[in-house]
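Numbering (UniProt numbering), first residue to last: 1 to 201.
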């Protein structure tokens, strides 16, 4: 697991590079940085130990590597820049070209893009309520994992975001980024898909 934490710290060089062009400062001991690295290393260890096929595990580790960078950037700055989210989307599209269901995934991506564009125009008419980076992130999740998994990831992430915001009276402020919660929701769904536990309700 120590090796995965070193890999996680190395992956954050793009975040440091992005922050050098903004007014935000990079603190390697910031809570978001440290928790992101350790959550990444734990999730990668769980992914590698899963009984799934090797290709699925590699796919999940690649997704996780992109999400570490986006989640830490959003947690530190409140921004999800297009350089991160668009690369995530393009890599997701390229990863689906070699599959047998590329035409189905292409249809899902186009459908999600239309819905997200309409949502952006409706919700953000007078002021920015949902960040554009969050919408690009959802489109990228759709490209990597499909529309069904993207919907569940958004539900899990939004649920965690709402629960976190319900503690605003303890923290003393109401605002906060949605991106890390969307990433966490998708990581939980990835682990669920890899292990396929039996849920009894």
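Glycine included, C-beta positions come from ideal geometry on N, C-alpha and C.
*From residue 153 to residue 183, what distance separates their C-alpha atoms?*
By one-based count along the chain shown, residue 153 stands at place 153. By one-based count along the chain shown, residue 183 stands at place 183. If I take the Cα positions, the gap works out to 8 Å.
*Near residue 72, which residues of its chain fall below 7 Å by C-beta distance, leaving aside the five closest residues on each side in sequence?*
Here residue 72 is taken as the residue at index 72 of the chain shown, counted from 1. Once the five neighbours on either side are set aside, the close Cβ partners of residue 72 are 12, 15, 32, 33, 36.
*asked:* Below 8 Å on the Cβ atoms is my contact criterion, and I expect residue 143 with residue 89 to pass it. Report the Cβ-Cβ distance as a whole number of Å.
replied: Locating residue 143 in the chain shown gives position 143, where the first residue counts as 1. Locating residue 89 in the chain shown gives position 89, where the first residue counts as 1. The pair is a contact, with the Cβ atoms about 5 Å apart (cut-off 8 Å).
*Pick helix, strand or coil for residue 96, following the three-state DSSP scheme.*
Taking the chain shown and counting its residues from 1, one reaches residue 96 at position 96. Three-state result, residue 96: helix.
*Mapping DSSP to helix, strand and coil, what is residue 101?*
The residue labelled residue 101 in the question sits at position 101 within the chain shown. Coil at residue 101, not helix or strand.
_Alpha carbons only, please: which of 5, 105, 48 is nearest the one belonging to residue 28?_
Counting from 1 along the chain shown, the entry for residue 28 is found at position 28. A check of alpha carbon separations from residue 28 across 5, 105, 48 identifies 5 as the nearest.
*Quick one: using the 10 Å Cβ neighbour count with 16 as the cut-off for buried, is residue 23 buried or exposed?*
One-based indexing of the chain shown puts residue 23 at position 23. Residue 23 is exposed by the Cβ-count criterion.
*Between which two residues does the alpha helix (DSSP H) containing residue 131 stretch?*
As a working mapping, residue 131 is identified with position 131 in the chain shown. Element bounds for residue 131: n/a, residue is neither H nor E.
*Same chain, Cβ closer than 6 Å to residue 63, five either side skipped, listed in chain order*: Within the chain shown, residue 63 is the residue found at index 63, counting from 1. Cβ neighbours of residue 63 beyond the five flanking positions: 144.
*Looking at the unbroken alpha helix (DSSP H) that takes in residue 126, where does it start and where does it end?*
Against the chain shown, residue 126 aligns to sequence position 126. Element bounds for residue 126: n/a, residue is neither H nor E.
_When 179, 76, 48 are compared against residue 130, the one with the closest alpha-carbon_ = On the chain shown, residue 130 is found 130 positions in, with the first residue counted as 1. Per the Cα distances, 179.
*How many Å lie between residue 233 and residue 132 at the Cα?*
With the chain represented from 1 up to 201, any question about residue 233 goes unanswered, as that position is not in the structure.
*Are residue 140 and residue 91 touching if we call contact CB-CB under 9 Å?*
Walking along the chain shown from the start, residue 140 turns up at place 140. Walking along the chain shown from the start, residue 91 turns up at place 91. Contact: yes.
_DSSP-derived helix/strand/coil call for residue 176_ = Looking up residue 176 in the chain shown gives position 176. It is coil, neither helix nor strand.
*Going by Cα to Cα distance, which pick from 30, 10, 51, 25 is closest to residue 210?*
Residue 210 falls outside the range modelled here, since the chain spans only 1 to 201, and no answer is possible.
*With a threshold of 16 other CB atoms inside 10 Å of the CB of residue 136, please say whether the residue is buried or exposed.*
Taking the first residue of the chain shown as 1, we reach residue 136 at position 136. Burial state of residue 136 is buried, judged by a 10 Å Cβ sphere holding 16 or more other Cβ atoms.
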